[in-house]
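1 is the number of the first residue of the sequence shown in the UniProt record's numbering; add one for each residue after it.
Before any comments, here is the structure.
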Amino acid sequence: MKRKLLIIIFAVIGLGVLAQKMSFGVKGGINYLSLDNYGGGTYTLCEYRSCLSAGITAQYKWGDFLNFAIQPELVYSQSQTYIHPVVGLPLGDIRLIDIELPINFQMGLQLSPIFRPFVSAGLGFCYLIDTKVNDNLYSDGSLGFGSFNKFNVSFSGGAGFDLWNFQMQGRYRANVTRLNNTKQIFDKLLLSGFELSLTYFFLRR
C-alpha cells in the first residue's frame, strides 16, 4: 500500500514539473499541398490549390541558449489538387480533408528572452475524414470515399521562430502513403508540399 502511494505521489510530482515546462496554444495556417505522381502514371500536371488548416498544439522545451523542444499538434487540414490528365481525359479537382497529429522536434537558439529561431523535423499521422472529387473525374464512383486510404504517414522538415507568445513556422511535408489501392491511374499519387502556420501560445511557460 505504501509503495503504491509513493508511486502515485511521485507521478503527480512528475506531472506537475512537466506541466510547468509545457506551453499550450492554438494555430492556423495555409497549406500549399498537392497530389503528385510518383512511380509512373498518366498526368501532365498536378497543381495545388491553397487551403486552410487550424488546430491546437503544445510545446515542451528544455535547455538554455541551445535548446530543444517537442511540439505535438492536433490539426484539421484541407488540401486540394487540380488534375491535368492525359489528352482525352477530363480535368478536375480532388479535395482531401484530414485530422492530423504531427509531432515536431525542434532545435533552437534563445537569442533573446522573447526571440528563438529554430529548425524542425517531424513525423505525422493523418486520418482522412472526407473527400470531394469533381464530377469530371471518374463520375462512375470509382473514386468514392471508400476507395481512399484512410490512414496516412508523413515526414516533414522546416524552420521558424518564436517571438514572444507567437510562433511562425514553415515546413515541407511529404506523405509516404499513396492515395488509394485501387490499381487505377490514381494509385500512384502522393501528397506533398509546403505548410505555413502561425501559433499563439496563450499559456507560455
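Glycine residues also receive a C-beta, built at the ideal position from the N, C-alpha and C atoms.
C-beta atoms of Gly124 and Leu101 nearer than 8 Å: Cβ atoms of Gly124 and Leu101: closer than 8 Å.
Bridge partner(s) assigned by DSSP for Lys21: DSSP lists no partner for Lys21.
Terminal residues of the beta strand (DSSP E) in which Asp93 lies: DSSP places Asp93 in the uninterrupted beta strand (DSSP E) bounded by Gly92 to Leu109.
7 Å CB neighbourhood of Leu45 in its chain, flanking five on each side removed: Here Leu45 has His84 as same chain residues with Cβ atoms under 7 Å from its own Cβ, once five neighbours each way along the sequence are excluded.
Beta-carbon proximity check, residue 232 vs Phe166, cutoff 8 Å: The chain is shown only over 1 to 205; residue 232 falls outside these bounds and no answer can be derived.
For Tyr82, the nearest candidate out of Phe148, Leu35 and Asp130 (CA to CA): Closest by C-alpha distance to Tyr82, out of Phe148, Leu35 and Asp130, is Leu35.
Straight-line Cα distance separating Tyr60 from Gly16: Reliability of the predicted coordinates at Gly16 is poor, the pLDDT of 46 falling under 50, and the value obtained from them is presented with this limitation in mind. Those two C-alpha atoms are separated by around 13 Å.
Limits of the beta strand (DSSP E) - the one that Ser53 falls within: Under the DSSP assignment, Ser53 falls in the beta strand (DSSP E) whose first and last residues are Cys51 to Gly63.
Where Phe201 falls, given that 16 or more other Cβ within 10 Å makes a residue buried: Phe201 should be labelled buried.
Among Gln71, Val153 and Ser77, nearest to Asp162 - alpha-carbon criterion: The shortest C-alpha separation from Asp162 is found at Gln71.
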